[in-house]
Amino acid sequence: MLLIMRRGAAASLRVLMLLQTMSLLLSVRCLQTDAVAPPPPTEARPPPLQPQKPWSEAEDDHANPCKAVMFMGDIALDEDDVRILRRNGVLDGKEPPASAKKATTAEELQAHLGQFADIDSDLLTSATTPRPRGRRPRHRDRSRRRGRRRRMQRGGRRPAGGRGGRGGGADEERRRQRRRQRRRQRRRERRRQRRLRQQRVGRVRRVRRAAAYPERSVSRFKRAATADKKRLWPHGVIPYRIPANFTSKQQALFKLAMRQWENVSCIRFVEKENSHSSYIEFTALDCGCCSYVGRKGGVQSVSIGKNCDKLGIVMHELGHVIGFWHEHTRPDRDKYIEIIEENILESQKYNFKVLTSMDVDSLGEPYDFDSIMHYARSTFATSPNLDAMRPVQCCPRPNIGQRSYISAGDIRQVHKLYGCRKCGGSLLQESGEFGSAAATSELSSGSGGGSGSGEVRCEWQISATQGEKVQIDIKWLDIQAEHNRNCVAHYLEIRDGYYRGSPLLGRFCGSLTPRSVTSNSSRVWIEYRLPPASRSRGFFAQYTSICGGYRISDEGQISSPNYPSAYRGDKECIWKIEVPNGYSVALKFFSFELETHTQCVYDFVEVLEGWSQDGVSLGKFCGETVPKPVKSTGNRMTVRFKSDNSVNKIGFAATFEKEYDECMALHGGQQHGCQHICVNTLGGYHCDCRPGFHLHRDGRTCEDTCGGTLVAMRGTVTSPSYPDKYPPNKHCKWHIIAPIGHKILLNFTTFDIEGRDRCEYDYLDIFDGVDEATSKRVGRYCGDQPPESITSENNTMKISFISDGTVSKGGFSASFMVDRDECAMMNGGCDQLCKNTIGSYVCACHSGYVLYGNHQCKEGGCKHRITRLSGEFSSPNYPRRYPLEKRCSWNFLTTPGHRIKLVFKHFEIERHPDCAYDHVEIRDGPDATSERIGVFCGDAMPPTPVISTGNSMFVGFVSDSSLQRKGFNADHSSICGGQLIASSANASFYSHAGFGDKDYGTRENCNWTLTTSNPEEVIVLNMETFELESEIECGYDYVDIFDDDNDRGVLLGRYCGNLRERKGPDGPIYSSRQSLHIRFRSDDTISFKGFHAVYRTVSREAPRPHAHRGGIIPRTDRNGLLIRKPKEKQPPTTASPTGREKGYIDYS
């Protein structure tokens, strides 16, 4: 609404409305027929989405929020923010503390995060005090001036000498000029002060509304939304970009968080287009979770760092992007929140500063404890068990700091901040209906769908998924009004886009029902206007999202219906894609999650060549693995998506673009420029080098510095620059070729390459052959542990070393030797197995046999005691038939606190209903008297995996004197966790089976339960050794200890770091019952030594030297329950009756 602040405002407003009406009459056609008119050539519409002038002239200043001047929790502040906050007294002039120069971590963010602030008290009073209608009161100085002019007109001039008759005419004129100059200065100063007040709190609209409608004036509450209108996004449209380095699930999570805001407001998040110069970009920076408040101009990053990819956290960060500060920084927060400064870390107290009304605006909303922008009680407290702040209201005190949903107060706030219509809304479903009935009821109830004059004005936004179109069917139409012949003032308007300035699809009025309207994009904007006191019924319409269709474009996106939410059953969509002639279609999936099936017969995506349903299939995909890019041979492609009526998942999202073979094409009359090899890729190409060369920094030239073809009996292979650190961006290949009938032995002497378990950045690949496409890859290696000696299976080997552009390590050095393969001819004369060694060979035997002499094998003992953490075992003579009348046993023993896991890969034993002849028996313990797990025979595989309850397992095999079969082959390994019985004697368990030899692994998920059967005893636990990754809230790697037999008991503490830290376990831990439950988790990055725990039982009355110290108590949810991960399902096991009653067998 345009407010004119001078006299004659009503007349000016009438002139402005008349000019606008005349313009529309000349430009808009009347749509009272059943046809949809095209957009008029001179259509009056809002300006396109051009960015307003940003706060900072440098558009890249906000591309990396980690480089912000300082932080308030997860809010990044630039120089303008800090200067304004200092000017308003929120910050002092001192250098911000070091803790203020880093963003909030994900764990801190899950615990706190907050929302907004405010209004000036003097403006609050003026805005809420009713003002009488009529002319504004005259200014006192202005009245004096008018009176003086009237006296002078009546002839009442002063003497020529001025006051008292002194002085001449020239002096009097100079005095008059000085007085006029002072009056002009005072008027300019008053106007400047008035403009400042209006800009500071948006006072004009609220004061005029209070003056015009005193009955609507209500008392104002302070709330922390931005007061600077330059921070708001024009038309509520926020363009965004999600880089491809995020996983498909993360991208779907970001879109789901944006949809949560869209679903409750008029905010629209749209994919960045070339016309958008201001947009947000999701990043994963080292500073964690952070964002700027509101719009800054240019590219503006939103950091979703490690462990920040949670729906509530992303919704919170988007709240900052929309324009919200933290709730606990409101000027009136002390009425609702008590800040307990003695419990706050000294370096974090600045996060609890109160903002002023010059920084934020209230918009008439009360304090919201339930806001998703509110901090939690223990945020930045010296201990997680203490409150840094708490609600004043008691008792009970309201919960604060939730991250589950957008509260009702948040919804009202964003509606007021962006002027969202109460009539209308966002329509995000696949199909639905809307109409004027809701608008009329809202207007009659006084909730306000109109513009303040009784006029009904509604806005709807329909959003489909990428690649879909929206079809609108208007079922009936009745918009009648006087002086509305050309649908100028009152109408139903449909636009092809996401805001008022999008292309017009049609403007309708009258009573004739128009034909269906179909959009060209996935979004539609609809406006409905009706005059006050109108008897028109309005309209009623239905909409549906149309998936599939023709996509004739250079590039675009397609996705499954309802993405990123689950697609619906019995859905079939067919996209026919065409790019210009001379190009092919390149389809790249960036998100993919469909129902899994080996043949993809239920839910699937199929890509076909051309537009025919009988075209050549380029691939049929399902499951959760993102397919590789697909490329057509011609300029047309068909993509078909089909779902059945059972399991529904997230679906897929993909991009397509025109593609051609740059390696065959010419660029400006020149070829690609690769010196050796040109490799075509989707959307481009890259150069490669022949063996013995690597690519120069220019990306085209090949340098002879690493790699090569080695034809020698022995030699050395080292990383570039060895023994110094290898340089970045290297790709070296070595081909080792030996004479036919020889093998290659490779032995590493030093090894230090970036990486640990995943080998994603720098790594060494070794292939058994020289062709990567057809050769078997022996392994991919990284880290600081040298690989074991490697022997090729034939006379060639390939070594490939790759480094990225970041971290460099010491590299590697390896020696190779070519050895004659004595086993290649006549098996070396061995009876069963021949193993080649350097310069010679040795004979070996199958399981159950022993070597007799140098070459022959005979049956031998078949008792095995296995303490290796993992390996393979099999029946005697496997893979040949097992011998008759054979009894074998395997006793497995692993680290205390861990269990044995068996996975059978092949199983073929003589069949019998009761397994009375040949069979395999598995017992849960160290020998044949332990509890029986099961007896197995026949061709059916035993239940896999088979897991013991303790750290030992017994496996027995029996064959009789008749039939023989192939036998079995299985893998064994150690897994953590289990049930441990405590006694008065000390017993131990360890974090991982390899404790003492190597660090624990990534993604560990272990649970131990310590119990005693004596009700008069309790359990005492001591950590003899404890070294885990350290973090302020133990959010990465940690140990939880519960006072019960499961993780639903009382949490005694969460521990991480080491015994010297406050977060480590210091002293014995006592149970209050007959059990303790220990849970160990690790994330996917850093690993440490682990822990060694000792436990025993003591009497309840026994003296306790001192209670344990250290550790933290993790956060709880809004219901007071511990925040926990979903429990994993335990694999099923098959057990037969236990004991000797089923036939005890002596395996000796």
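Using mature numbering (1 follows the signal peptide of the UniProt record, and there is no 0), the letters of the sequence shown map in sequence onto residues -27 to -1, 1 to 1121.
Note that CB positions come from ideal geometry on N, CA and C, so glycine has one too.
Excluding sequence positions up to five away, which residues of its chain have a Cβ less than 8 Å from the Cβ of residue i?
i, result
"T691", "G784, F785, S786 and A787"
"Q158", "none"
"R394", "C239, G422, R430, C431 and E432"
"T975", "R729, D730, S1055, D1056, D1057, T1058 and S1060"
"A960", "P869, L953, V1067, Y1068 and R1069"
Indicate whether residue i and residue j have their beta-carbon atoms separated by less than 9 Å.
i, j, result
"K442", "S494", "yes"
"W707", "G742", "no"
"Y890", "F774", "no"
"A349", "I317", "no"
"S538", "R241", "no"
"I772", "I811", "no"
"V993", "P1041", "yes"
"Y340", "K389", "no"
"F513", "W584", "no"
"L477", "V497", "no"
"Y1028", "L1001", "yes"
Sort out for me which residues DSSP pairs residue i with in a bridge.
i, result
"P1041", "DSSP, once it has assigned bridges, lists no residue as partnering P1041."
"Q444", "T491 and T517"
"L50", "M43"
"F562", "A627"
"A901", "Answer is none; A901 lacks a bridge partner."
"F740", "R750 and K771"
"I920", "K874"
"C431", "Y501"
"N1019", "Partner(s): none; N1019 has no beta bridge."
Which of helix, strand or coil does DSSP assign to residue i?
i, result
"M231", "helix"
"V387", "helix"
"N358", "coil"
"N827", "coil"
"N978", "strand"
"A462", "coil"
"M288", "helix"
"N987", "coil"
"S320", "helix"
"E16", "Bear in mind that a pLDDT of 41 at E16, under 50, signals an unreliable position, so the model cannot answer this."
"M799", "helix"
"N720", "strand"
"F325", "helix"
"S250", "coil"
"V574", "coil"
"K381", "Contrary to the premise, residue 381 reads as Ala rather than Lys in this sequence. In the structure shown, A381 sits in a helix (DSSP, three-state: H, G or I)."
"R370", "coil"
Mind checking residue i: buried by the 16 CB within 10 Å criterion, or exposed?
i, result
"T747", "exposed"
"Y523", "exposed"
"P369", "exposed"
"V1023", "exposed"
"L485", "exposed"
"M637", "exposed"
"P110", "Note that P110 has pLDDT 43, beneath the 50 cutoff, so the model's placement of it is unreliable and the number below is only indicative. Exposed: under 16 other Cβ atoms inside 10 Å."
Excluding five sequence neighbours on each side, which residues of the same chain lie with their C-beta closer than 7 Å to the C-beta of residue i?
i, result
"D794", "G714, H715, K716 and N809"
"Q439", "S495, Q530, I531, S532 and A626"
"K245", "P212, Y213, R214 and Y252"
"A958", "R1069"
"L226", "D282, L284 and V287"
Got a sec? Which residues, its chain only, sit under 6 Å from residue i by beta carbon, not counting five neighbours each side?
i, result
"D897", "S903, E904, I906, S921 and T922"
"E579", "K593 and R613"
"D201", "none"
"E500", "E432 and E466"
Give a yes or no on whether the minimum CB-CB distance between residue i and chain D is below 9 Å.
i, result
"R59", "Protein chain content of the structure displayed is limited to a single chain, and chain D is not contained in it."
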